[in-house]
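>
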Amino acid sequence: MPSSQSLRPSAALGAKFDDKPLWNHVKVVAIADGGGGNRTWKCNYGNKKVVGSYTKVKGHLLRLAHHNVEGCMAINYISIPEGSDLLQQKKRKGMASGKDALVLSFNVAERDVADKEAARMFYASGLPFNFARSPYFRKYSLTLSNSRLAGYVPPSFYRLRTTLLAQEKEHINRLLQPIKDTWKKKGVSVVFDGCHHASGNVKDAEYVASLFIQVIKDLGEANVVQIVTDNASNYKAAGLSIEGKYPHIFWTPCVVHSLNLALKSICEPGEKSLQYAQWEDMALGRSSFFDAIHQILECRWNKSNTPLHCMAHSLVPKYYCDAWLNDGGGNGVTWVAPHEDHEVSINRKPISWWANHGASTPLLQALAFKLLSQLASSSCAERNWSTYSMIQSIKRNRLTTSRSEDLVFVHCNLRLLSRKSKEYTDGPTKFWDISGDQFDIEG
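Okay, so the sequence shown: first residue is 1 according to the UniProt record's numbering, each after it adds one.
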(Lines of atoms letter the chains of each structure in order from A and count residues from 1; the text may use other names and numbers.)
(Lines give C-alpha, C1' and ligand atoms only; values in the text may rest on other atoms or scores of the structure.)
Protein backbone atom coordinates (compact mmCIF):
# COMPACT_ATOMS: atom_id res chain seq x y z
CA MET A 1 0.00 0.00 0.00
CA PRO A 2 1.21 3.59 -0.54
CA SER A 3 3.05 5.10 2.39
CA SER A 4 3.64 8.67 1.25
CA GLN A 5 2.46 11.57 3.37
CA SER A 6 -0.11 12.44 0.68
CA LEU A 7 -2.57 10.28 2.60
CA ARG A 8 -1.88 11.95 5.93
CA PRO A 9 -4.04 14.77 7.30
CA SER A 10 -1.34 17.43 7.08
CA ALA A 11 -0.52 17.03 3.42
CA ALA A 12 -4.04 16.25 2.31
CA LEU A 13 -5.95 18.98 4.09
CA GLY A 14 -3.46 21.26 5.83
CA ALA A 15 -4.01 19.98 9.33
CA LYS A 16 -1.38 19.76 12.00
CA PHE A 17 1.09 17.08 10.97
CA ASP A 18 0.34 13.67 12.43
CA ASP A 19 3.07 11.07 11.91
CA LYS A 20 1.20 8.12 13.41
CA PRO A 21 1.83 5.24 11.02
CA LEU A 22 -1.69 3.93 10.46
CA TRP A 23 -2.78 7.17 8.79
CA ASN A 24 -0.97 5.74 5.76
CA HIS A 25 -3.69 3.10 5.43
CA VAL A 26 -6.68 5.43 5.26
CA LYS A 27 -7.54 8.43 3.13
CA VAL A 28 -8.64 11.54 5.01
CA VAL A 29 -11.43 13.34 3.17
CA ALA A 30 -12.49 15.98 5.73
CA ILE A 31 -11.37 17.51 9.03
CA ALA A 32 -13.78 18.54 11.80
CA ASP A 33 -14.16 22.24 12.51
CA GLY A 34 -12.60 23.69 15.64
CA GLY A 35 -9.51 21.55 15.72
CA GLY A 36 -9.35 18.29 17.63
CA GLY A 37 -8.49 14.90 16.25
CA ASN A 38 -11.76 13.96 14.54
CA ARG A 39 -11.58 13.50 10.80
CA THR A 40 -13.67 11.85 8.13
CA TRP A 41 -11.58 9.10 6.59
CA LYS A 42 -12.01 6.14 4.27
CA CYS A 43 -10.27 2.78 4.67
CA ASN A 44 -7.93 1.90 1.78
CA TYR A 45 -8.83 -1.79 2.04
CA GLY A 46 -12.59 -1.95 2.49
CA ASN A 47 -13.64 1.60 1.44
CA LYS A 48 -15.52 2.04 4.73
CA LYS A 49 -16.06 5.72 5.58
CA VAL A 50 -15.75 6.64 9.27
CA VAL A 51 -15.80 9.84 11.32
CA GLY A 52 -13.37 9.72 14.23
CA SER A 53 -9.87 10.17 15.55
CA TYR A 54 -6.76 8.02 15.25
CA THR A 55 -8.19 5.75 17.94
CA LYS A 56 -10.90 4.62 15.54
CA VAL A 57 -8.38 4.23 12.73
CA LYS A 58 -6.41 1.87 14.94
CA GLY A 59 -9.52 0.04 16.12
CA HIS A 60 -10.76 -0.43 12.55
CA LEU A 61 -7.51 -1.59 10.97
CA LEU A 62 -6.40 -3.81 13.87
CA ARG A 63 -9.92 -5.14 14.58
CA LEU A 64 -9.80 -4.06 18.21
CA ALA A 65 -12.78 -4.43 20.51
CA HIS A 66 -14.30 -1.55 22.53
CA HIS A 67 -13.30 1.12 19.99
CA ASN A 68 -16.86 1.88 18.76
CA VAL A 69 -15.96 0.98 15.21
CA GLU A 70 -16.33 -2.15 13.11
CA GLY A 71 -13.12 -4.02 12.35
CA CYS A 72 -11.89 -4.17 8.76
CA MET A 73 -12.52 -7.68 7.43
CA ALA A 74 -11.03 -6.87 4.02
CA ILE A 75 -7.43 -6.99 5.27
CA ASN A 76 -5.49 -10.21 4.76
CA TYR A 77 -2.63 -9.98 7.27
CA ILE A 78 -0.92 -13.06 5.88
CA SER A 79 -0.26 -11.37 2.52
CA ILE A 80 1.06 -8.13 4.06
CA PRO A 81 4.88 -7.76 3.87
CA GLU A 82 6.72 -8.50 7.11
CA GLY A 83 8.09 -4.96 7.46
CA SER A 84 4.76 -3.22 7.05
CA ASP A 85 3.82 -0.76 9.79
CA LEU A 86 0.31 -2.21 9.84
CA LEU A 87 1.65 -5.69 10.53
CA GLN A 88 3.96 -4.38 13.26
CA GLN A 89 1.08 -2.57 14.94
CA LYS A 90 -1.03 -5.72 14.76
CA LYS A 91 1.69 -7.80 16.40
CA ARG A 92 2.02 -5.31 19.26
CA LYS A 93 -1.65 -5.76 20.16
CA GLY A 94 -1.59 -9.06 22.00
CA MET A 95 -4.64 -10.56 23.72
CA ALA A 96 -5.14 -10.69 27.48
CA SER A 97 -3.51 -14.11 27.59
CA GLY A 98 -0.30 -12.60 26.24
CA LYS A 99 -0.43 -14.54 22.97
CA ASP A 100 0.14 -12.77 19.69
CA ALA A 101 -3.22 -11.68 18.19
CA LEU A 102 -2.03 -12.36 14.66
CA VAL A 103 -0.99 -15.89 15.58
CA LEU A 104 -4.31 -16.50 17.32
CA SER A 105 -6.22 -15.26 14.27
CA PHE A 106 -4.30 -16.99 11.52
CA ASN A 107 -2.54 -19.99 13.03
CA VAL A 108 -3.34 -22.68 10.51
CA ALA A 109 -2.91 -25.61 12.92
CA GLU A 110 -5.28 -24.18 15.53
CA ARG A 111 -7.85 -23.29 12.88
CA ASP A 112 -7.67 -26.85 11.59
CA VAL A 113 -8.33 -28.21 15.08
CA ALA A 114 -11.32 -25.87 15.47
CA ASP A 115 -12.72 -26.96 12.10
CA LYS A 116 -12.45 -30.62 13.08
CA GLU A 117 -14.16 -30.01 16.41
CA ALA A 118 -17.02 -28.25 14.63
CA ALA A 119 -17.34 -31.10 12.12
CA ARG A 120 -17.30 -33.65 14.94
CA MET A 121 -20.18 -31.79 16.61
CA PHE A 122 -22.20 -32.04 13.37
CA TYR A 123 -21.51 -35.75 12.92
CA ALA A 124 -22.15 -36.80 16.53
CA SER A 125 -25.33 -34.74 16.95
CA GLY A 126 -26.86 -35.63 13.60
CA LEU A 127 -27.02 -31.99 12.55
CA PRO A 128 -27.76 -31.36 8.85
CA PHE A 129 -24.87 -29.85 6.91
CA ASN A 130 -27.18 -27.00 5.94
CA PHE A 131 -27.01 -25.84 9.58
CA ALA A 132 -23.56 -24.39 8.76
CA ARG A 133 -25.39 -21.76 6.68
CA SER A 134 -27.50 -20.61 9.62
CA PRO A 135 -26.85 -16.89 10.27
CA TYR A 136 -27.28 -17.52 13.98
CA PHE A 137 -24.62 -20.24 14.04
CA ARG A 138 -22.23 -18.00 12.09
CA LYS A 139 -22.96 -15.03 14.36
CA TYR A 140 -22.27 -17.16 17.44
CA SER A 141 -18.94 -18.29 15.97
CA LEU A 142 -17.93 -14.73 15.05
CA THR A 143 -18.85 -13.51 18.53
CA LEU A 144 -16.45 -16.02 20.06
CA SER A 145 -13.63 -15.33 17.60
CA ASN A 146 -13.84 -11.54 17.94
CA SER A 147 -14.17 -11.37 21.74
CA ARG A 148 -11.78 -11.76 24.65
CA LEU A 149 -13.79 -14.38 26.51
CA ALA A 150 -10.89 -16.43 27.79
CA GLY A 151 -12.18 -19.59 29.43
CA TYR A 152 -15.68 -19.17 28.04
CA VAL A 153 -17.96 -22.16 28.68
CA PRO A 154 -21.14 -22.64 26.58
CA PRO A 155 -24.47 -22.36 28.41
CA SER A 156 -25.62 -25.40 30.32
CA PHE A 157 -28.54 -27.68 29.51
CA TYR A 158 -30.57 -26.07 32.29
CA ARG A 159 -29.94 -22.44 31.23
CA LEU A 160 -30.80 -23.21 27.60
CA ARG A 161 -34.21 -24.59 28.50
CA THR A 162 -35.14 -22.04 31.18
CA THR A 163 -33.49 -18.64 31.60
CA LEU A 164 -32.11 -18.17 28.10
CA LEU A 165 -35.32 -19.40 26.46
CA ALA A 166 -37.40 -16.93 28.47
CA GLN A 167 -34.99 -14.10 27.64
CA GLU A 168 -35.07 -14.94 23.94
CA LYS A 169 -38.87 -14.96 23.94
CA GLU A 170 -38.87 -11.47 25.47
CA HIS A 171 -36.28 -10.35 22.91
CA ILE A 172 -38.41 -11.62 20.01
CA ASN A 173 -41.50 -9.93 21.41
CA ARG A 174 -39.60 -6.64 21.38
CA LEU A 175 -38.57 -7.25 17.76
CA LEU A 176 -42.17 -8.04 16.81
CA GLN A 177 -43.63 -4.96 18.49
CA PRO A 178 -43.12 -2.67 15.43
CA ILE A 179 -45.07 -5.21 13.36
CA LYS A 180 -47.86 -5.37 15.94
CA ASP A 181 -48.04 -1.58 15.89
CA THR A 182 -49.14 -1.77 12.22
CA TRP A 183 -52.16 -3.95 12.99
CA LYS A 184 -54.42 -0.97 13.55
CA LYS A 185 -53.63 0.35 10.07
CA LYS A 186 -53.07 -2.85 8.08
CA GLY A 187 -55.18 -5.31 10.03
CA VAL A 188 -54.40 -8.91 10.92
CA SER A 189 -55.69 -12.32 9.80
CA VAL A 190 -56.40 -15.27 12.07
CA VAL A 191 -55.18 -18.45 10.35
CA PHE A 192 -56.62 -21.74 11.58
CA ASP A 193 -55.34 -25.08 10.31
CA GLY A 194 -57.00 -27.51 12.69
CA CYS A 195 -56.51 -28.39 16.34
CA HIS A 196 -55.94 -31.36 18.63
CA HIS A 197 -57.09 -31.21 22.23
CA ALA A 198 -56.08 -33.76 24.85
CA SER A 199 -59.34 -33.26 26.72
CA GLY A 200 -61.25 -34.93 23.89
CA ASN A 201 -63.58 -32.00 23.25
CA VAL A 202 -65.71 -32.43 20.15
CA LYS A 203 -64.49 -30.02 17.49
CA ASP A 204 -67.94 -28.86 16.48
CA ALA A 205 -68.80 -25.37 15.25
CA GLU A 206 -69.56 -24.06 18.74
CA TYR A 207 -66.23 -25.23 20.19
CA VAL A 208 -64.20 -23.89 17.24
CA ALA A 209 -66.05 -20.55 17.41
CA SER A 210 -65.12 -20.25 21.10
CA LEU A 211 -61.45 -20.64 20.14
CA PHE A 212 -61.82 -17.94 17.49
CA ILE A 213 -63.45 -15.55 19.95
CA GLN A 214 -60.62 -16.03 22.44
CA VAL A 215 -57.98 -15.25 19.79
CA ILE A 216 -59.92 -12.25 18.50
CA LYS A 217 -60.05 -10.77 22.00
CA ASP A 218 -56.31 -11.32 22.43
CA LEU A 219 -55.52 -9.54 19.15
CA GLY A 220 -58.10 -6.79 19.53
CA GLU A 221 -61.49 -6.91 17.83
CA ALA A 222 -60.83 -3.79 15.75
CA ASN A 223 -57.59 -5.21 14.35
CA VAL A 224 -58.92 -8.51 12.98
CA VAL A 225 -60.02 -8.49 9.33
CA GLN A 226 -60.66 -12.15 8.57
CA ILE A 227 -60.44 -15.75 9.75
CA VAL A 228 -58.92 -18.17 7.23
CA THR A 229 -59.73 -21.88 7.48
CA ASP A 230 -60.27 -24.79 5.14
CA ASN A 231 -63.73 -25.64 3.79
CA ALA A 232 -64.73 -28.18 6.45
CA SER A 233 -68.38 -27.79 7.43
CA ASN A 234 -67.68 -27.19 11.14
CA TYR A 235 -65.09 -24.50 10.35
CA LYS A 236 -67.45 -22.82 7.90
CA ALA A 237 -70.26 -22.83 10.45
CA ALA A 238 -67.90 -21.41 13.09
CA GLY A 239 -66.76 -18.72 10.65
CA LEU A 240 -70.33 -17.71 9.85
CA SER A 241 -71.03 -17.56 13.59
CA ILE A 242 -68.11 -15.14 14.00
CA GLU A 243 -69.44 -13.00 11.13
CA GLY A 244 -72.74 -12.74 12.99
CA LYS A 245 -71.05 -11.72 16.25
CA TYR A 246 -68.46 -9.40 14.63
CA PRO A 247 -69.93 -7.92 11.40
CA HIS A 248 -66.55 -6.42 10.37
CA ILE A 249 -64.74 -9.80 10.52
CA PHE A 250 -65.05 -12.15 7.55
CA TRP A 251 -64.68 -15.91 7.27
CA THR A 252 -62.49 -16.74 4.27
CA PRO A 253 -62.00 -20.26 2.90
CA CYS A 254 -58.40 -21.18 2.13
CA VAL A 255 -57.80 -20.66 -1.59
CA VAL A 256 -55.30 -23.53 -1.74
CA HIS A 257 -57.81 -25.93 -0.21
CA SER A 258 -60.49 -24.72 -2.63
CA LEU A 259 -58.21 -25.34 -5.62
CA ASN A 260 -57.31 -28.74 -4.23
CA LEU A 261 -61.00 -29.68 -4.04
CA ALA A 262 -61.53 -28.43 -7.58
CA LEU A 263 -58.65 -30.57 -8.87
CA LYS A 264 -60.04 -33.61 -7.06
CA SER A 265 -63.41 -33.03 -8.70
CA ILE A 266 -61.77 -32.69 -12.12
CA CYS A 267 -59.79 -35.90 -11.67
CA GLU A 268 -62.66 -37.98 -10.31
CA PRO A 269 -63.22 -41.12 -12.46
CA GLY A 270 -66.55 -41.84 -14.07
CA GLU A 271 -67.11 -38.49 -15.74
CA LYS A 272 -67.96 -39.48 -19.29
CA SER A 273 -67.57 -35.92 -20.49
CA LEU A 274 -63.94 -36.06 -19.41
CA GLN A 275 -63.23 -39.58 -20.61
CA TYR A 276 -64.50 -39.26 -24.16
CA ALA A 277 -63.80 -35.65 -25.06
CA GLN A 278 -62.27 -35.38 -28.52
CA TRP A 279 -59.24 -33.21 -29.13
CA GLU A 280 -60.71 -31.98 -32.44
CA ASP A 281 -63.67 -30.50 -30.58
CA MET A 282 -61.34 -28.87 -28.06
CA ALA A 283 -59.32 -27.25 -30.85
CA LEU A 284 -62.33 -26.04 -32.84
CA GLY A 285 -64.45 -24.63 -30.05
CA ARG A 286 -66.18 -25.20 -26.73
CA SER A 287 -66.17 -28.91 -26.00
CA SER A 288 -67.88 -31.06 -23.43
CA PHE A 289 -64.49 -31.26 -21.70
CA PHE A 290 -64.29 -27.48 -21.43
CA ASP A 291 -67.88 -27.21 -20.21
CA ALA A 292 -67.30 -29.83 -17.51
CA ILE A 293 -64.14 -28.11 -16.25
CA HIS A 294 -65.81 -24.71 -16.34
CA GLN A 295 -68.78 -26.03 -14.38
CA ILE A 296 -66.53 -27.52 -11.67
CA LEU A 297 -64.49 -24.34 -11.30
CA GLU A 298 -67.59 -22.17 -11.24
CA CYS A 299 -69.19 -24.40 -8.60
CA ARG A 300 -66.11 -24.20 -6.38
CA TRP A 301 -65.83 -20.45 -6.88
CA ASN A 302 -69.45 -19.91 -5.88
CA LYS A 303 -68.85 -21.92 -2.70
CA SER A 304 -65.65 -20.04 -1.84
CA ASN A 305 -66.57 -16.58 -3.08
CA THR A 306 -66.78 -14.00 -0.28
CA PRO A 307 -67.45 -10.24 -0.20
CA LEU A 308 -63.89 -9.80 1.05
CA HIS A 309 -62.49 -11.40 -2.13
CA CYS A 310 -64.67 -9.20 -4.34
CA MET A 311 -63.73 -6.01 -2.51
CA ALA A 312 -60.00 -6.83 -2.61
CA HIS A 313 -60.28 -7.56 -6.34
CA SER A 314 -61.96 -4.22 -7.00
CA LEU A 315 -59.19 -2.40 -5.09
CA VAL A 316 -56.47 -3.70 -7.41
CA PRO A 317 -55.61 -0.64 -9.58
CA LYS A 318 -57.21 -1.54 -12.91
CA TYR A 319 -60.06 0.88 -13.51
CA TYR A 320 -59.27 4.46 -14.52
CA CYS A 321 -61.52 7.20 -15.81
CA ASP A 322 -60.95 8.64 -19.29
CA ALA A 323 -60.25 12.09 -17.83
CA TRP A 324 -57.27 10.76 -15.86
CA LEU A 325 -55.89 8.73 -18.79
CA ASN A 326 -56.21 11.66 -21.22
CA ASP A 327 -54.71 14.21 -18.82
CA GLY A 328 -51.18 12.83 -19.12
CA GLY A 329 -49.91 14.99 -16.30
CA GLY A 330 -50.64 18.17 -18.23
CA ASN A 331 -47.99 17.45 -20.88
CA GLY A 332 -50.38 16.68 -23.71
CA VAL A 333 -49.50 12.98 -23.59
CA THR A 334 -52.07 10.38 -22.67
CA TRP A 335 -51.38 8.00 -19.80
CA VAL A 336 -51.16 4.28 -20.30
CA ALA A 337 -53.27 2.43 -17.77
CA PRO A 338 -50.71 1.02 -15.27
CA HIS A 339 -52.11 -2.51 -15.47
CA GLU A 340 -51.49 -2.44 -19.25
CA ASP A 341 -47.87 -1.31 -18.82
CA HIS A 342 -45.84 -4.52 -18.66
CA GLU A 343 -42.95 -3.07 -16.63
CA VAL A 344 -45.20 -1.33 -14.12
CA SER A 345 -47.44 -4.37 -13.70
CA ILE A 346 -44.50 -6.61 -12.84
CA ASN A 347 -42.70 -4.26 -10.45
CA ARG A 348 -45.59 -2.52 -8.73
CA LYS A 349 -47.66 -3.96 -5.91
CA PRO A 350 -51.27 -2.76 -5.61
CA ILE A 351 -50.75 -1.64 -2.02
CA SER A 352 -47.81 0.54 -3.18
CA TRP A 353 -50.10 2.21 -5.71
CA TRP A 354 -52.57 3.11 -2.97
CA ALA A 355 -49.77 4.45 -0.78
CA ASN A 356 -48.56 6.75 -3.59
CA HIS A 357 -51.82 7.77 -5.26
CA GLY A 358 -54.65 7.09 -2.83
CA ALA A 359 -54.45 10.22 -0.69
CA SER A 360 -57.40 11.83 -2.52
CA THR A 361 -59.68 9.02 -1.29
CA PRO A 362 -58.59 8.44 2.32
CA LEU A 363 -61.41 6.02 3.20
CA LEU A 364 -60.68 3.78 0.21
CA GLN A 365 -56.95 4.06 0.89
CA ALA A 366 -57.40 2.88 4.48
CA LEU A 367 -59.61 0.02 3.26
CA ALA A 368 -57.02 -0.95 0.63
CA PHE A 369 -54.25 -1.03 3.23
CA LYS A 370 -56.26 -3.49 5.32
CA LEU A 371 -57.58 -5.77 2.60
CA LEU A 372 -54.57 -5.95 0.29
CA SER A 373 -52.28 -6.76 3.22
CA GLN A 374 -54.16 -9.97 4.06
CA LEU A 375 -53.31 -13.49 2.99
CA ALA A 376 -55.64 -15.88 1.15
CA SER A 377 -54.33 -19.25 2.30
CA SER A 378 -53.92 -21.08 5.60
CA SER A 379 -51.01 -23.16 4.30
CA CYS A 380 -48.54 -20.85 6.07
CA ALA A 381 -49.74 -22.30 9.38
CA GLU A 382 -48.88 -25.87 8.41
CA ARG A 383 -45.22 -25.35 9.28
CA ASN A 384 -46.22 -24.80 12.91
CA TRP A 385 -47.40 -28.41 13.07
CA SER A 386 -44.17 -29.78 11.62
CA THR A 387 -42.15 -27.51 13.90
CA TYR A 388 -44.05 -28.70 16.96
CA SER A 389 -43.58 -32.34 15.91
CA MET A 390 -39.86 -31.73 15.52
CA ILE A 391 -39.57 -30.13 18.97
CA GLN A 392 -41.97 -32.31 20.94
CA SER A 393 -40.74 -35.71 19.75
CA ILE A 394 -40.64 -38.97 21.70
CA LYS A 395 -37.05 -38.31 22.72
CA ARG A 396 -38.01 -34.91 24.15
CA ASN A 397 -41.41 -35.76 25.62
CA ARG A 398 -40.46 -34.39 29.04
CA LEU A 399 -40.90 -30.85 27.77
CA THR A 400 -43.84 -29.11 29.37
CA THR A 401 -46.58 -27.78 27.12
CA SER A 402 -45.68 -24.16 27.82
CA ARG A 403 -42.00 -24.77 27.10
CA SER A 404 -42.85 -26.53 23.84
CA GLU A 405 -45.03 -23.59 22.82
CA ASP A 406 -42.22 -21.16 23.65
CA LEU A 407 -39.78 -23.18 21.54
CA VAL A 408 -42.18 -23.18 18.56
CA PHE A 409 -42.71 -19.43 18.98
CA VAL A 410 -38.98 -18.69 19.14
CA HIS A 411 -38.05 -21.10 16.35
CA CYS A 412 -40.63 -19.85 13.83
CA ASN A 413 -40.12 -16.15 14.50
CA LEU A 414 -36.33 -16.31 14.36
CA ARG A 415 -36.62 -17.86 10.90
CA LEU A 416 -39.11 -15.25 9.73
CA LEU A 417 -37.13 -12.33 11.16
CA SER A 418 -33.94 -13.52 9.44
CA ARG A 419 -35.70 -13.18 6.09
CA LYS A 420 -35.83 -9.39 6.51
CA SER A 421 -32.03 -9.23 6.31
CA LYS A 422 -30.25 -8.71 2.99
CA GLU A 423 -27.99 -11.65 3.87
CA TYR A 424 -31.01 -13.91 3.38
CA THR A 425 -30.87 -13.52 -0.40
CA ASP A 426 -27.12 -13.17 -0.84
CA GLY A 427 -23.94 -14.62 0.61
CA PRO A 428 -23.18 -17.77 2.62
CA THR A 429 -26.52 -17.66 4.50
CA LYS A 430 -28.65 -17.42 1.34
CA PHE A 431 -32.04 -19.15 1.79
CA TRP A 432 -30.62 -20.95 4.81
CA ASP A 433 -33.97 -22.05 6.25
CA ILE A 434 -35.59 -23.46 3.10
CA SER A 435 -32.67 -25.25 1.48
CA GLY A 436 -31.53 -28.74 2.26
CA ASP A 437 -28.12 -30.32 2.06
CA GLN A 438 -28.48 -30.81 -1.70
CA PHE A 439 -29.29 -27.15 -2.40
CA ASP A 440 -26.50 -25.41 -4.31
CA ILE A 441 -26.47 -21.74 -3.32
CA GLU A 442 -23.77 -21.01 -5.86
CA GLY A 443 -25.79 -22.48 -8.74
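Note that beta-carbon positions come from the ideal geometry of N, C-alpha and C, so glycine has one too.
1. Roughly how far, in whole angstroms, is the beta-carbon of Val-190 from the beta-carbon of Ile-227, given that I think they are within contact range, below 8 Å?
2. So Val-69 and Gly-52 are in contact, right, with Cβ under 8 Å, and what is the actual spacing, rounded?
3. What do you get for Asn-173, buried or exposed, if any count of 16 or more other CB atoms within 10 angstroms of its CB means buried?
4. Once you ignore the five residues that flank Ile-351 on each side, which residues in its own chain have a CB closer than 7 Å to its CB?
5. Beta carbon of Ser-241, beta carbon of Ala-209: below 8 Å?
6. Hey, quick one: how far does the alpha helix (DSSP H) through Thr-163 stretch, first residue to last?
7. With a CB to CB cut of under 6 Å and the five nearest residues on each side skipped, what residues in its chain are close to Ala-205?
8. So, with DSSP's three-state summary, where would you put residue 449?
9. Could you give the residue range of the beta strand (DSSP E) that holds Phe-250?
10. Whole angstroms are fine: how far does the CA of Phe-290 sit from the CA of Gln-275?
11. If you draw a straight line from the alpha carbon of Ala-312 to that of Thr-306, how long is it in whole angstroms?
12. Which residues mark the beginning and the end of the beta strand (DSSP E) in which Val-69 is found?
13. In terms of residues, what are the limits of the alpha helix (DSSP H) holding Ala-109?
14. Can you tell me which of Cys-267, Ser-258 and Asp-181 puts its alpha carbon nearest to the alpha carbon of Asn-302?
15. What residue from Asp-193, Arg-39 and Tyr-54 has the CA that sits closest to Asp-230's CA?
16. Can you list, in chain order, the residues of its chain whose CB lies under 8 Å from that of Ile-441, leaving out five sequence neighbours each side?
17. Determine the burial state of Thr-252: buried for a count of at least 16 other Cβ atoms within 10 Å of its Cβ, exposed for fewer.
18. When you compare the CB positions of Lys-58 and Val-50, do they come within less than 8 Å of one another, or not?
19. From the DSSP output, in three-state form, read off Ile-227 for me.
20. Is Arg-161 near Arg-403, with beta carbons less than 8 Å apart?
21. On the DSSP bridge list, what partners appear for Arg-39?
22. To the nearest angstrom, report how far apart Glu-221 and Lys-185 are at their CA atoms.
23. When we look at the beta-carbon of Asn-24 and count the other beta-carbons within 10 Å, is it buried (16 or more) or exposed?
24. From Ile-391 to Phe-409, what does the alpha carbon distance come to, in whole angstroms?
25. Pop quiz: Lys-42 and Val-29 are said to be a contact at Cβ under 8 Å. What is the actual Cβ separation, rounded to whole angstroms?
26. Rounded to whole angstroms, what is the Cα-Cα separation between Val-256 and Ser-378?
27. Using only the alpha-carbon positions, how far apart do Gly-244 and Leu-308 sit?
28. May I ask which residues mark the beginning and end of the alpha helix (DSSP H) holding Ser-141?
29. Compute the Euclidean distance between the alpha carbons of Val-108 and Asp-115, then round it to the nearest angstrom.
30. Quick check on Val-191: does DSSP put it in helix, strand or coil?
31. Just the C-alpha distance for Ile-31 and Ala-74, rounded to the nearest angstrom, thanks.
32. Take Leu-297 and list the residues in its own chain whose beta-carbon comes closer than 7 Å to its own, dropping the five residues that flank it on each side.
33. Hey, could you find the ends of the alpha helix (DSSP H) Cys-310 is sitting in?
34. Using only the alpha-carbon positions, how far apart do Met-121 and Asn-146 sit?
35. Quick one: what does DSSP say Val-26 is sitting in, helix, strand or coil?
This is what the structure gives:
1. Separation of the CB atoms of Val-190 and Ile-227 is rounded to 5 Å, and the pair is thereby assigned contact status at 8 Å.
2. 7 Å
3. exposed
4. Ala-368, Phe-369, Leu-372 and Ser-373
5. The answer is yes: Cβ separation under 8 Å.
6. 163-180
7. Asn-234, Ala-237 and Ala-238
8. Outside the shown range of the chain, which is 1 to 443, sits residue 449, and nothing can be said about it.
9. For Phe-250, the uninterrupted beta strand (DSSP E) run begins and ends at 250-253, by DSSP.
10. For Gln-275, the predicted structure reports a pLDDT of 48, less than 50, and the residue's modelled location is therefore unreliable. The matter cannot be settled from this model.
11. 10 Å
12. Looking at the DSSP string, Val-69 is not in any beta strand (DSSP E), and its letter there is neither H nor E.
13. 108-125
14. The residue from Cys-267, Ser-258 and Asp-181 with its alpha-carbon nearest to that of Asn-302 is Ser-258.
15. Asp-193
16. Because the pLDDT at Ile-441 is just 49, under 50, the model does not fix this residue reliably, and the point stays unresolved.
17. buried
18. no
19. strand
20. Going by beta carbons, Arg-161 and Arg-403 fall inside the 8 Å limit.
21. Ile-31 and Gly-52
22. 13 Å
23. buried
24. 11 Å
25. 6 Å
26. Taking the CA atoms as reference points, Val-256 sits about 8 Å from Ser-378.
27. 15 Å
28. 135-146
29. CA-to-CA, the gap between Val-108 and Asp-115 works out to about 10 Å.
30. Here DSSP, grouped into helix, strand and coil, assigns Val-191 to strand.
31. 25 Å
32. Closer than 7 Å at the Cβ level, and outside the excluded window around Leu-297, lie Ala-262.
33. Residues 307-314.
34. Approximately 21 Å between the Cα atoms of the pair.
35. strand
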